[in-house]
Each structure stands twice: as structure tokens, then as C-alpha cells.
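All residue numbers for the sequence shown refer to the working numbering, where the first residue is 678 and numbers rise by one.
Positions of the beta carbon are idealized from the N, C-alpha and C atoms, including for glycine.
Presented below is the structure to which this report refers.
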Amino acid sequence: MSAVQELHRPPEGQLSVRPLQPHIGAEIFGVDLSQPISDAVRDEIKKTILKYKVVFFRDQHLTPEQHAEFAGRFGPLYTHPSSSRDDKISPLHKISAVDFGRYERTADPTAINAGFHTDTSWRLVPTWGAVLRAVDLPEVGGDTIWVDAGAAYKHLPDDVKARLEGRHVTHDFREALNRKGLDYPIVAHPVVRTHRETGEKILWVNYSQKPHIIGLDIAESKELLSLILEEYRRPEIQVRFSWRPGSIAFWDNRAAVHYAVRNYDDFPRLLDRILIQDEPQYADL
Ligand code: SIN
């Protein structure tokens, strides 16, 4: 029998899943993430993430060690090179509103400034998953929005789909890395990326990493990127999550893009994030 029951009231020892929107976002109940989880529970959580792209848990007051232990059940953990992190648990990355440069808008006039992004898309093998845990929250505000980037692709008009066919878009994280004395090449991924596990076509652009569609002049690239951005901005394909103490979000970076709503003045909002490595999408030629 499946360890997940869709909707409400779980029998003892079973998870239950409450979808928050028809296609993206679900809350999972019936598991204590501070305790080791069984393989069956882990597999059901993963299945639910592949289906809903982002899942949420409430009232899970985890220590950093328990956070890392839980995330580590879903693959090897990734240590992000560029930002402030916990000294004791190196993959634990502090997502802090006061982190220099984190919410900075690029001055590059060729770029579209918009916050929709996906984590580590600047890498040749981006991380597949992210587990984000509330640490210090404003009284109100500071929500996060996730977008179903598969639905965004499906909804595009056919002529736009045709124009994007075979195109690649850049993911340039060098500015932030350079600030830390690090460097990495500018990577390009397909604009329409095929999800390695579900096979779904995903509209995959990172607006925080100076996207440019290769082979197009700046004006045409910007025009297409603006059309994609319009899709990301449609509330019909979004889920918006209001954080509370004990909240955890776990999402699939390959299927959803997200946006941190910064509407809490200078409150030092803090969340801890742990990223999970993916298997390479392409053979190492
Ligand atoms: C992130 O971009 O990974 C974190 C999102 C947030 O701060 O809400």
C-alpha cells in the first residue's frame, strides 16, 4: 500500500498530501522530519515533489544537523561556493536578507531585471533539489512564490515555442563568484529543458543571471525573455507560501522557478537552505 494518502487525515504512520494549487505546491502531513525517515517515506516524498514541484511541511522545528540529515536522504549535498554558510555544516547555506549582493539588481542594460530564478542553474550540472528552513522571519511578508515552469512552457503560443526550439540561454553567475575571488565559465542550457526524471518540457530561464538567448541579437533575445517572464508572472501557474516558524519548503529546481518577495523593509530575514546534487543530464563526452 502507498505510504501517501492524497488529502487530509492520514491513518497512523502514513503521509497525507494536500494540494495547494491544482498543479504546483502541496503540503505534506504525517511525518516528523526530526526523526530518520524510512526508504518508503523518502520515496513517497520524492514522488510528491516530482508531481507538485514544491512541497511544504509545517511545525518542523529542526536543528541544522536534522535539516542536513533529512536533505541527505535525497542525494549527496552540495556546498555552495559563493555565500555565507554555517561553519559546522558546510552545505548549510544561510539565505540572508542582509547578505551583500543577494537582492542586488544588475546594472547591465542588456539584462532583464526580474527575481524569478532557479538555484545553481549557472552550473553545468545544477542541483536538483533545495530544502529551505525558516530561521528568522518578519512578522508579516517575505513569502516565496514558485512557478510551474512546465505549465509555463505548455501555455506559450505555438509561434513562440517554434522560435525557442533548439535555442540556448546563458546563466552567468560570475559577478557574485568574482566577489568571493572565484570564477566559473558562463554556461548555457536549453531554454526548453527536458526534465531528467519526468521527461516534461520545462521553460528554464534564470532572470537573476543575466540571461541572453544565444544566436539572437539583444532586442530579439529580450523580446522572447519578456514573453517568458509574462508566463512566469501568471498567478494561475504559481503557488505562494507564507512562512511560519517551523516551516520547510522542498522543491525541484529543474521543474520550478521561484521568487523571494522582498516586502519587509530592513528586517534581517533568514532561512537556511541545503541543496542536493543531481546526476548529470548529459554524458561526459
Ligand atoms: C532561494 O532563492 O533559494 C531562497 C528563496 C527565499 O529566500 O525565499
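Mark residue i as exposed unless 16 or more other C-beta atoms lie within 10 angstroms of its C-beta, in which case mark it buried.
i    : result
E913 : exposed
S903 : exposed
M678 : Its pLDDT being 42, under 50, M678 is placed unreliably by the model, and nothing is read from it.
D924 : Here residue 924 turns out to be Ser, not Asp, going by the sequence shown. It counts as buried.
R946 : buried
G827 : buried
Y959 : exposed
I822 : buried
D825 : buried
E689 : Legend: pLDDT at E689 = 44, less than 50; position of this residue unreliable, value from coordinates given subsequently. Result: exposed.
K857 : exposed
V817 : exposed
S767 : exposed
Which of the three DSSP states, helix, strand or coil, is assigned to residue i?
i    : result
F751 : helix
S693 : strand
H770 : strand
G806 : strand
E972 : Given that the chain is displayed from residue 678 to residue 962, the structure contains no residue 972 and the question cannot be resolved.
D785 : coil
L841 : helix
Y830 : helix
E816 : coil
A703 : strand
L969 : This structure cannot speak to residue 969, because the chain is shown only from 678 to 962.
A937 : strand
D961 : coil
A853 : helix
D836 : helix
Closest by CA to residue i, which one among the options?
i    : options                : result
R917 : D836, G923, V934       : V934
G876 : R931, A829, A937       : R931
L809 : Y884, W920, Q691       : W920
K728 : E874, R911, N855       : E874
R691 : Q698, A865, H700, D709 : According to the sequence displayed, residue 691 carries Gln and not Arg. Ranking Q698, A865, H700, D709 by Cα distance to Q691 puts D709 first.
F850 : T871, H794, I951       : H794
F944 : D813, D720, G858       : D813
F733 : Y936, L948, A926       : A926
H744 : Q886, A774, K765       : K765
I879 : V718, I905, K899       : I905
Rounded to the nearest angstrom, how far is the Cβ of residue i from that of residue j, given a contact under 8 Å?
i    : j    : result
G707 : S693 : 5 Å
G819 : V731 : About 16 Å separates the two Cβ atoms, so there is no contact after all.
Y830 : V882 : Incorrect: roughly 11 Å between the Cβ atoms, too far for contact.
Y861 : T804 : At roughly 14 Å, the Cβ-Cβ gap does not stay under 8 Å, so Y861 and T804 are not in contact.
S773 : S761 : 6 Å
Give a yes or no on whether the minimum CB-CB distance between residue i and chain C is below 8 Å.
i    : result
T740 : Absence of chain C from the displayed structure is noted, only one protein chain being present.
Complete alpha helix (DSSP H) runs within the region 857-919 (minimum length 4 residues, chain order): Counting only runs of at least 4 residues, the region 857-919 fully encloses the following alpha helix (DSSP H) elements, listed from N- to C-terminal order: 895-909.
Restricting to runs no shorter than 4 residues, where is the alpha helix (DSSP H) found entirely within the region 711-766? Taking only runs of at least 4 residues, the alpha helix (DSSP H) segments lying wholly in the region 711-766 are 716-729, 741-748.
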